[in-house]
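The block underneath contains the structure these notes are about, expressed in structure tokens.
Protein chains in written order, with this note's numbering: chain W, 1 to 113; chain U, 1 to 465.
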């Protein structure tokens with residue numbers, strides 16, 4: 001059984017998350033620059049004396065594919081490393097991966113993680 | 001003043017090479033040396049003023065959005081080129097031709113017979129310095145009309161301002177016209193009014209006829225910020241403009257004499273004071289030291305000191321620059337509020353602070369000279385102040401009417417504003433064919449797919465057959 005652990009985190013928390021995941025044996029991650037809003041709903045800034053809304057805040061999406069046994073550890077590690085306690089720390093979630101193949105070798109399932 | 005510098009060089013010749021000089025009978029007089037020095041200095045100053053075009057281009061590109069960056073660079077490129085040819089053909093003659101009247105010069109068309117030359121300067125050096133100024137007046141407008149003007153319409157505008165509007169204004173004073181013949185002549189040393197206010201008022205008319213950018217005002221009518229896309233460009237451009245101003249102001253002495261250093265100092269002090277005060281004002285107003293507004297403040301200080309740069313004291317320059325820094329912030333917020341959308345603050349920096357700086361000559365001139373009377377704050381009475389006000393009002397009114405008419409005529413013939421879709425998409429692709437920052441890289445030849453190890457037929461087999 002393969003799981004996909006996805007987290008949306010603050011951009012500057014990538015380094016601790018990356019190191020933390022390496023520390024628990026994660027072999028590979030995928031990072032994407034994303035934007036969004038959550039419960040905080042963005043905020044306003046001023047430019048040349050006029051206000052503008054920053055409703056889509058830059059975040060990073062981190063994806064980790066792992067076996068079902070490791071998924072909870074990965075989730076807890078991300079939470080521990082990405083946590084600042086301030087609003088906008090993000091979310092982490094786990095979904096099932098139906099099938100998985102390594103492009104180079106054609107390996108399937110657990111072997112491909 | 002000229003004899004002091006020329007004399008020193010001539011003395012050197014006599015001391016170190018008396019035989020060589022007498023043997024070949026080379027007669028290099030102090031006047032010859034001074035004449036060449038004047039020409040070299042003013043030519044270098046002209047190049048510095050032309051370098052300001054790069055500053056304007058970067059400030060305007062930086063303070064607007066990435067989707068129209070190629071368009072704004074193109075406008076800066078072309079208002080210089082169109083302006084140079086137009087000023088060469090007719091503008092220079094209208095500004096300085098001796099056969100005209102007090103309102104309109106004539107003679108020396110296409111730099112032909114009778115083309116103007118000033119003092120010790122040759123005609124080409126005189127022209128180059130003046131064409132650099134004409135191009136400055138023209139390019140001020142592009143920022144205020146950014147992100148929504150049809151390119152061809154802007155191109156037409158830049159021909160007319162350089163061929164007609166700016167030259168007439170210049171003729172009134174520098175060309176010996178009616179403002180130079182007032183009982184107390186109007187004084188604008190390097191062009192706070194004739195160059196900057198002319199550009200600023202034309203910018204105001206352009207922005208007014210165009211209307212604000214889509215999305216600049218919310219449904220409640222409140223101004224919304226449309227943030228800059230590249231602050232480093234804007235700040236680099238501001239520094240380039242500062243450097244160019246050392247050609248603009250000291251070069252306007254039109255001679256390599258002992259006044260140019262003092263002019264460079266008042267220029268520097270006003271720029272610094274303008275930036276600091278603008279920063280403090282916007283900081284107190286919004287809680288943050290806004291970078292774009294601070295850059296505007298530096299330029300406001302420069303525009304403010306340009307008219308009185310040779311006439312005021314160093315302390316006077318600091319005060320003028322500081323007040324310009326305060327005024328520019330108030331003006332930017334004011335135009336924002338009354339729905340005149342000026343993305344880069346050109347109307348406030350050049351129009352408002354140009355008028356302010358010109359009037360300041362009548363307040364801050366420290367003593368009488370051949371070119372100006374002592375200002376009100378130094379006990380010289382209101383004569384100079386009155387002439388300054390007359391000049392500012394006359395120039396602003398003339399430019400407002402002519403530039404306003406020009407933009408209205410353009411709007412009703414070729415059209416002034418791009419379509420709504422084009423404005424939303426950005427002007428780069430639809431006006432010029434390609435985005436400013438390049439299209440996404442598209443491979444021309446697809447790589448050969450690897451053979452499928454499981455022997456399945458390639459998914460794309462048969463496609464296109």
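Idealized CB from N, CA, C, for every residue including glycine.
Worksheet entry | Contact list for the segment 221-235 of chain U against chain W, Cβ threshold 9 Å | 222, 223, 224, 225, 226, 227, 228
Fill in: Identified DSSP bridge partners for residue 9(W)
60(W)
Item to complete: Measure from the C-beta of residue 145(U) to each C-beta in chain W and report whether the shortest distance is under 8 Å.
Response: no
Discussion item. Please confirm whether residue 279(U) has its beta-carbon closer than 8 Å to some beta-carbon of chain W.
Written reply: no
Worksheet entry | Short-range partners of chain W found in the segment 284-300 of chain U, where Cβ spacing is below 7 Å | 285, 286, 288, 290, 292, 293
Item to complete: Could you tell me whether the Cβ atoms of residue 264(U) and residue 246(U) are closer together than 8 Å?
Response: yes
Fill in: Partners in chain W for residue 336(U), counting only beta-carbon separations shorter than 9 Å
48, 49, 50
Worksheet item: Using DSSP with H/G/I as helix, E/B as strand and the rest coil, what is residue 2(W)?
Response: strand
Worksheet item: CA-CA distance, residue 28(W) and residue 429(U)?
Response: 40 Å
Practice prompt. Can you grab the Cα-Cα spacing for the pair residue 31(W) / residue 74(W), in whole Å?
Written response: 15 Å
Practice prompt. Note down the Cα distance separating residue 379(U) from residue 232(U), rounded to an integer number of angstroms.
Written response: 45 Å
Practice prompt. Check whether the Cβ atoms of residue 274(U) and residue 324(U) lie closer than 8 Å to each other.
Written response: yes
Worksheet item: Excluding five sequence neighbours on each side, which residues of the same chain lie with their C-beta closer than 6 Å to the C-beta of residue 78(W)?
Response: 7, 17, 92
Practice prompt. Scan the segment 316-334 of chain U for residues whose Cβ lies nearer than 8 Å to a Cβ of chain W and list them as they occur along the chain.
Written response: 329, 332, 333
Worksheet item: Which residues share a DSSP beta bridge with residue 92(W)?
Response: 7(W)
Practice prompt. Ignore the nearest five residues each way along the sequence and tell me which others in residue 208(U)'s own chain have a CB closer than 7 Å to its CB.
Written response: 340
Worksheet item: Going straight from the alpha carbon of residue 400(U) to that of residue 409(U), what length do you get?
Response: 14 Å
Fill in: One or two residues paired with residue 71(W) in a DSSP bridge
Its beta-bridge partners do not exist; DSSP assigns none.
Discussion item. Quick check: is the beta carbon of residue 140(U) nearer than 8 Å to any beta carbon in chain W?
Written reply: no
Discussion item. Please report the straight-line C-alpha distance between residue 122(U) and residue 251(U), rounded to a whole angstrom.
Written reply: 15 Å
Fill in: Per-residue burial, residue 87(U) [other beta carbons within 10 Å of its own, 16 or more giving buried]
buried
Fill in: For residue 402(U), the residue or residues it bridges with in DSSP
In the DSSP output, where bridge partners are listed per residue, residue 402(U) has none listed.
Practice prompt. With a 10 Å radius around its C-beta and 16 neighbouring C-beta atoms as the bar for buried, classify residue 48(W) as buried or exposed.
Written response: buried
Discussion item. On the criterion of 16 or more Cβ atoms from any shown chain inside 10 Å, does residue 53(W) qualify as buried, or is it exposed?
Written reply: exposed
Discussion item. For residue 173(U), count the other beta carbons within 10 Å of its own beta carbon; 16 or more makes it buried, fewer makes it exposed. Which is it?
Written reply: buried
Discussion item. Following a CB-centred definition, is residue 170(U) positioned closer than 7 Å to any heavy atom of the ligand PLP?
Written reply: Among the components of this structure there are no ligands whatsoever, and the ligand PLP is therefore not found.
Item to complete: Please list, in chain order, all residues of the same chain as residue 354(U) whose beta carbon is under 6 Å from its beta carbon, the five residues on each side excluded.
Response: 192, 193, 196, 197, 200, 303
Worksheet item: Buried or exposed: residue 22(W), going by 16 or more other Cβ atoms within 10 Å of its Cβ?
Response: exposed
Discussion item. Quick check for students: name the residue ranges of the alpha helix (DSSP H) that lie wholly in the segment 411-446 of chain U, counting only runs of 4 or more.
Written reply: 420-425, 427-432
Worksheet item: Going by the beta-carbon positions, is the gap between residue 80(W) and residue 20(W) smaller than 8 Å?
Response: yes
Fill in: Own chain residues within Cβ distance below 6 Å of residue 213(U), not counting five before or after
147, 148, 341
Practice prompt. For chain W, find out if any of its Cβ atoms is closer than 8 Å to the Cβ of residue 276(U); answer yes or no.
Written response: no
Discussion item. Between residue 17(W) and chain U, is the shortest Cβ-Cβ distance under 8 Å, so that the two count as touching?
Written reply: no
Worksheet item: Hey, is the segment 138-157 of chain U in contact with the segment 410-427 of chain U, meaning 3+ C-beta pairs nearer than 8 Å?
Response: yes
Worksheet item: Would residue 157(U) be called buried (16 or more neighbouring beta carbons within 10 Å of its own) or exposed?
Response: buried
Discussion item. List, in chain order, every chain W residue whose beta-carbon is nearer than 7 Å to that of residue 282(U).
Written reply: 49
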